[in-house]
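To keep things clear, I will list the structure first and then write my remarks on it.
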Amino acid sequence: MKILTTLGSLLLALAVLAAMPGTAMAQQAETDPDAKCLKCHSKKLKKKLEDGETMFLQISGEDFGQSVHQVIGCTGCHRDVAKGKHPSREPIASRRDYSLKHNETCSQCHAAKSTAYEGSVHASMVAEGNGDAPVCSDCHSSHSIQQRSVYEPVSGEPCSGCHEPIYEAYAASVHGQAREHGNVIREAHVQAPICADCHRAHDVSAVAATNYLRDTCLDCHDGAAVAHEEWLPNAGMHLSSVACAACHSPMAERRVDLQLYDKLTQVPVGQAAGDDTFATRVGEVDRTGDGLDPVELWKLVRTTSRDGNGADVTLRGRMEVTTGIEAHRLAPRAEAVRSCESCHQGGADAFQNVTVSISAPDGRKQRFAADKKVLNSVVSVDSVGDFYAPGGTRIRMLDGLLVLALVGGMAVPVGHIALGKYLRKKSRKD
Amino acid sequence: MITAAINHSHDRRQHEKVYLHPLPVRLWHWLNALGFVLLIVTGFQIRYVDLLGLMSFESAVTLHNWVGFAVIANWFLWFVYYLFSEQVTNYHPDLDPKAFFQRYFRQAGYYSWGYFQGEERPHKVQPKDKFNPMQKLTYQFVMFISAPVTFLTGLMMWDVQRFAGLIDMVGGIRVVNTVHVLMFILFVMFIFVHAYMGFLGAKPSSHFKEMFTGYEEEHD
Chain X
1 MKILTTLGSL
11 LLALAVLAAM
21 PGTAMAQQAE
31 TDPDAKCLKC
41 HSKKLKKKLE
51 DGETMFLQIS
61 GEDFGQSVHQ
71 VIGCTGCHRD
81 VAKGKHPSRE
91 PIASRRDYSL
101 KHNETCSQCH
111 AAKSTAYEGS
121 VHASMVAEGN
131 GDAPVCSDCH
141 SSHSIQQRSV
151 YEPVSGEPCS
161 GCHEPIYEAY
171 AASVHGQARE
181 HGNVIREAHV
191 QAPICADCHR
201 AHDVSAVAAT
211 NYLRDTCLDC
221 HDGAAVAHEE
231 WLPNAGMHLS
241 SVACAACHSP
251 MAERRVDLQL
261 YDKLTQVPVG
271 QAAGDDTFAT
281 RVGEVDRTGD
291 GLDPVELWKL
301 VRTTSRDGNG
311 ADVTLRGRME
321 VTTGIEAHRL
331 APRAEAVRSC
341 ESCHQGGADA
351 FQNVTVSISA
361 PDGRKQRFAA
371 DKKVLNSVVS
381 VDSVGDFYAP
391 GGTRIRMLDG
401 LLVLALVGGM
411 AVPVGHIALG
421 KYLRKKSRKD
Chain S
1001 MITAAINHSH
1011 DRRQHEKVYL
1021 HPLPVRLWHW
1031 LNALGFVLLI
1041 VTGFQIRYVD
1051 LLGLMSFESA
1061 VTLHNWVGFA
1071 VIANWFLWFV
1081 YYLFSEQVTN
1091 YHPDLDPKAF
1101 FQRYFRQAGY
1111 YSWGYFQGEE
1121 RPHKVQPKDK
1131 FNPMQKLTYQ
1141 FVMFISAPVT
1151 FLTGLMMWDV
1161 QRFAGLIDMV
1171 GGIRVVNTVH
1181 VLMFILFVMF
1191 IFVHAYMGFL
1201 GAKPSSHFKE
1211 MFTGYEEEHD
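This is the structure we're talking about:
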């Protein structure tokens, strides 16, 4: 749809001209190149595309007149249009193809933003051929490009167009509500975040793979780290291995994601987008496809390591919420999960869902289901060496040993006393 | 006349009493006993919140940490005292393992037979050699291996980020926890057996009295 308006800037000038008295319009058309464009593009022009679709070329002169790009005029972007040269007869494969070409046009002025975008999850999806992944004009529009302040109100978020359920969760959250009610939380004026404040506007990344999002939370909640240290044992470790939303979105379903890490470089094991090597490896060890059991996971770690014995890779666990929607249902502080027992006990809900993941360079994770037993198996001492929640992921075999120790510990006095009685009885008989 | 003879005999026995456990050792022992019991109870609570409800997980962790540090400090009291005491010989390793284990099994045989027959104890207790071979091996293991390993692994779990390098070196936090729990299991067993053996003195109360007064109780 945005493509329909891509060439429409030309029509703006025409629309302006159409509203003018004949002589004045003729004079302006002589001096204002945009007016020349709008002379045609204010009309209901359309073009047949090679994919069979029709692209409308009508541009709203009023919208373009209010756009921040009005100052550079139509040819600021449509540089292939010049005196005596108009690409109208050149074929256009599709609207998407046209948008992608003009994405490059944006980079000519907005180089830094474009570079940031190139590293984003959105750009990765475009490169993979995802037709729904956004390019510049999908978020900024083609001819009604507005100043940043237009996006500031919650309702101005372009993200909601694609991420509507997540947006609705956000809008109902403590952040969204604060934003909607004048940025006030508990009678204090705050600057509650909108989407781009946490996810960044152009280098949008999949936030779950790293501590980026945690750091973003702490950027605003700068007293939070200290506040957690006051009551939470190993607060730094918790803030690193438990997603903020796992406690601050109290109704969310949680899971443990075991992410492959390179022990030497201390970074997640990466795999290029579209590379199925790891997925193939998972398929080879989990032939039944019922999720990785402890032994299969152990094999997977060993086969993934460079040396083949698992010494240079490990699985680091991270408690997170199961969906992006739930991650955005952040509640007021008083409603956050405060009870340690919600995780630190056998059979806790948080340990019923387990995934194993590997990261793509843009931060997206490829996830594979694992049996929840991987958190409690003695085999996991090796493979899941870097994740342990006391009480919650205790090794069952050690429970058995403890019972043996208790029984054995009690058996020594009982047995010794019984032996004494037997021997005394025997000696009396003798 | 008879009374005088009894008193004389009693006085003589009083004079023969051997001072086995100096005050620092007794202080360390009972503080350690209290610490061990608290650590075992809070350890159970931390590990089995779903089965035990003595206190909250949070309180159990806090108490476990504080008592843990106290027991570590207490270990150093024991270590420094013995290091500069003549009684350090009690922990010296035996240089003749064959002879040591012969005495070890003789002691085990005594507990399973001779003790009930009223036989003389195979090990004569003296201040510089107060542990029988079974005690000696057990206490060497507990004080030089189990306790330090438990302290170290406990410290690592107390502040995972501070000891991240060390944790990584030994194979990860799950390895650390597993070792800590294995030591915990050994201590649970040790406490049962140790407490029971305390009753196997000259009288059931003898060893307990010794650990309060420091003096060896008379054997019949």
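Quick note, the sequences are listed as chains X and S, same order. Every letter in the first sequence is one number past the one before it in the numbering used here, and letter 229, counting from 1, is 229. Every letter in the second sequence is one number past the one before it in the numbering used here, and letter 193, counting from 1, is 1193. We put the beta carbon where it would ideally sit given N, CA and C, even for glycine.
* Asked: With a Cβ-Cβ cutoff of 8 Å, do G392/X and G346/X count as a contact?
  -> yes
* Indicate whether S241/X and R338/X have their beta-carbon atoms separated by less than 8 Å. => no
* What residues in its chain sit with their C-beta under 6 Å from that of G291/X, if we drop five residues either side in the sequence? -> A369, A370, D371
* For F64/X, which three-state DSSP category applies? -> helix
* **N130/X burial status per 10 Å Cβ neighbour count (16 or more: buried)** => exposed
* Indicate whether at least one CB of chain X lies closer than 8 Å to the CB of G1171/S. => yes
* Asked: Between the beta-carbon of G1043/S and the beta-carbon of F1192/S, is there less than 8 Å?
  -> no
* Based on the DSSP secondary-structure assignment, which residues constitute the bridge partners of F1212/S? -> Looking at the DSSP assignment, F1212/S forms no beta bridge with any residue, so it has no partner.
* Might you give, ordered along the chain, the residues of its own chain that have their beta carbon closer than 7 Å to the beta carbon of L218/X, omitting 5 neighbours on each side? => A224, A225
* Asked: Just checking my contact of V190/X with S249/X at CB under 8 Å: how many whole Å lie between their CB atoms?
  -> Wrong, their Cβ atoms sit about 19 Å apart, outside the cutoff.
* M1183/S (DSSP reduced to helix, strand or coil) -> helix
* To do: Measure from the alpha carbon of E62/X to the alpha carbon of each residue in D34/X, C247/X, A252/X, V267/X, then state which is nearest.
  => D34/X
* **Proximity test, Cβ basis, 8 Å: E229/X and chain S** => no
* If you draw a straight line from the alpha carbon of C247/X to that of R329/X, how long is it in whole angstroms? -> 11 Å
* Sub-8 Å separation of M55/X and R95/X beta-carbons -> yes
* Identify whether P1133/S lies in helix, strand or coil by the three-state DSSP scheme. => helix
* To do: Pair every Cβ in the segment 1144-1156 of chain S with every Cβ in the segment 1110-1129 of chain S, then say whether three or more of these pairs are closer than 8 Å.
  => no
* Specify whether the segment 1079-1093 of chain S and the segment 1122-1139 of chain S touch according to this definition: at least 3 beta carbon pairs, one from each stretch, less than 8 Å apart. => yes
* Would you say F1208/S faces chain X, with C-beta separation under 8 Å as the test? -> no
* To do: Count the C-beta pairs between the segment 350-370 of chain X and the segment 275-292 of chain X that are closer than 8 Å, then say yes if the count reaches three, no if not.
  => yes
* To do: Measure the beta-carbon distance from N1074/S to L1020/S and round it to whole angstroms, keeping in mind my assumption that it falls under 8 Å.
  => Between L1020/S and N1074/S the Cβ distance is about 20 Å, and since that is not below 8 Å, they are no contact.
* For A1202/S, name the three-state secondary structure that DSSP assigns. => coil
* **Under the three-state DSSP convention, the category S357/X falls into** => strand
* Other residues of its chain near L1037/S: CB distance less than 8 Å, five sequence neighbours each side excluded -> One detail in the question is off: residue 1037/S reads as Val in this sequence, not Leu. Hits under 8 Å: I1191.
* **Residues from the segment 384-401 of chain X in contact with chain S, defined by Cβ distance under 9 Å** => V384, G385, D386, F387, Y388, P390, G391, G392, T393, R394, I395, L398, D399, L401
* **Local conformation of T54/X per DSSP, three classes** => strand
* For L494/X, which beta-bridge partners are listed by DSSP? -> The first residue shown for chain X is 1 and the last is 430, placing residue 494/X beyond what the model contains.
* Please work out which residues of its chain come closer than 6 Å, Cβ to Cβ, to A327/X, disregarding the five sequence neighbours upstream and downstream, and give them in chain order. => A245, V321
* Asked: Near H238/X, which residues of its chain fall below 6 Å by C-beta distance, leaving aside the five closest residues on each side in sequence?
  -> L232
* **Below-8 Å beta-carbon distance, S1112/S vs any chain X residue** => yes
* To do: Using the Cα positions of R424/X and L1034/S, report the straight-line distance between them to the nearest angstrom.
  => 35 Å
* Asked: Just to confirm, are I194/X and R214/X a CB contact at a threshold of 8 Å?
  -> no
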